[in-house]
Amino acid sequence: MTTLISYANYQLRINDFLATKLKELPINDPTLIEAMRYGLLIGGKRMRPYLAYITGEAVSADLNDIDAVAGALECIHAYSLLHDDLPAMDDDDLRRGKPTCHKAFDEATAILAGDALQTLAFDILANHTFSSNQTISNMPIQVKLIQQLVRASGYQGMCGGQALDLAATGKNISLCELEVLHSLKTGALLEASVLMPAMCSGHVTSEHEKILSEYAQLIGLAYQVQDDIIDLTSTEEELGKPVGSDIAANKSTYPALLGLQGAQDKAENLLQQALQALSRLPYNTQSLADFATFIVRRSH
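Residues in the sequence shown are numbered consecutively from 7, following this note's numbering.
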């Protein structure tokens, strides 16, 4: 129950923060700002912001600082979904049970809304007044956070993984190749959701940072394995988009390579490894453990 209350409270917190950031923007083009709002605020689990908040709690970071981290992460995630849904990418008509942005508006507006949300992420980090005003490796914390988000979201992370995903469509790839693909496409941004709050704390050792990184990589992979399972086992109502879309797009998935039971076993094994990693940390990591369990046990 405490976890559910915490999750709901943080959802409200990040939604209010993001809505405020959009309201602060001058209205140059009403359609574009509405498309940005549609892509950012129409729903979603807010998993990356929640992970950032509970990591911040665990390492005693200032939650006002985590607002900026969580907001930037969600802007990047939202932009990626707007672009992923486009006909040139995944060609989806539904997202969270509603028309995708390019269906609600048009393709050009969806592209521009994604572009604008991406730059908003870095604007949030660059202009936030962090409580500690600390430097890391002789650089202001804003610069280090931006560096981390660039790695996670660009060629070395999410975008690079998306390119690998597109290149693998219609081909048979190995389990190792699939894991590399998803460690970039999905895992990198989840890892940033843990490492960026750790930076804000100011007292997380390099050893503990490595353990947090290990935990994040494990749950990032578990997230994708479970996503592939859900794509086979959920209803369209639960999923908010057509069931079996990965199969229809002729993509390699964990159930396709391992079988459904094999994929379920892998997800469970990744969960146990993540929990073992947390056990090596000197913080109260119960919320992080609950989050890892949720990743693997969710049905949509």
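All residues carry an ideal CB built from backbone N, CA and C; glycine is no exception. All values reported here derive from a predicted model rather than from experimental measurement.
At the C-beta level, A58 and P203 come within 7 Å of one another.
Here the stretch 66-74 makes no contact with the stretch 95-109; the two share fewer than three CB pairs at distances below 8 Å. The stretch 221-238 makes no contact with the stretch 81-95, as fewer than three CB pairs between them are under 8 Å. If you compare the alpha carbons of I179, D233 and N133 with that of G193, the shortest gap goes to D233.
Leaving aside the five residues that flank G77 on each side, the residues in its chain whose CB is nearer than 8 Å to its CB run, in chain order, I20, F23, L24, K27, P55, A127 and I130. When only Cα atoms are considered, T299 and A174 end up about 29 Å apart. When only Cα atoms are considered, S138 and D237 end up about 43 Å apart. Close CB contacts of A74 within its chain, under the 7 Å cut and outside five residues either way in sequence, are with I130, L131 and H134 (chain order). By the criterion of a C-beta distance shorter than 7 Å, Y44 is surrounded in its chain by C107 and A110, once the five residues flanking it on both sides are discounted. Taking the CA atoms as reference points, C206 sits about 10 Å from K150. Boundaries of the alpha helix (DSSP H) harbouring S199: A194 to S207, taken from the DSSP string. Per DSSP, reduced to three states, the secondary structure at R43 is helical. In this structure, the straight-line span from the alpha carbon of A283 to that of L218 is close to 8 Å. As computed with DSSP, K104 is found in a beta bridge with R101. With contacts defined as CB atoms closer than 7 Å, M42 and L123 qualify as a contacting pair. Per DSSP, L287 lies in no alpha helix (DSSP H) and is assigned neither H nor E. Residues of the same chain with a CB within less than 8 Å of the CB of C81, apart from the 5 flanking positions on each side, are L24, L46, L123, Q124, L126, A127 and I130 in chain order. For the options Y13, S12, I235 and I301, the alpha carbon positioned closest to that of L196 is the one of I301. For the set D296, T239, E274 and E30, the Cα lying nearest the Cα of Y13 is the one of D296.
Taking the Cβ atoms as the reference, L187 lies roughly 12 Å from G163, outside the contact range of under 8 Å. The alpha helix (DSSP H) runs of length 4 or more contained entirely in the stretch 67-134 are, from start to end of the chain, 69-90, 107-110 and 113-133. K257 counts as buried, since at least 16 other C-beta atoms from the protein chains shown sit within 10 angstroms of its C-beta. Taken atom to atom, the span from the alpha-carbon of L277 to that of A269 is near 12 Å. The alpha-carbon of G265 is positioned some 38 Å away from that of D121. DSSP, reduced to helix, strand and coil, places P32 outside both helices and strands of the structure shown, so it counts as coil. In summary, I147 is buried, with 16 or more beta-carbon neighbours lying within 10 Å of its beta-carbon over all protein chains present. Residues of the same chain with a CB within less than 8 Å of the CB of E215, apart from the 5 flanking positions on each side, are L201 and A204 in chain order.
Within the model, the alpha-carbon separation for P93 versus L100 is close to 12 Å.
Spanning the alpha carbons of A119 and Y289 requires a straight line of approximately 39 Å.
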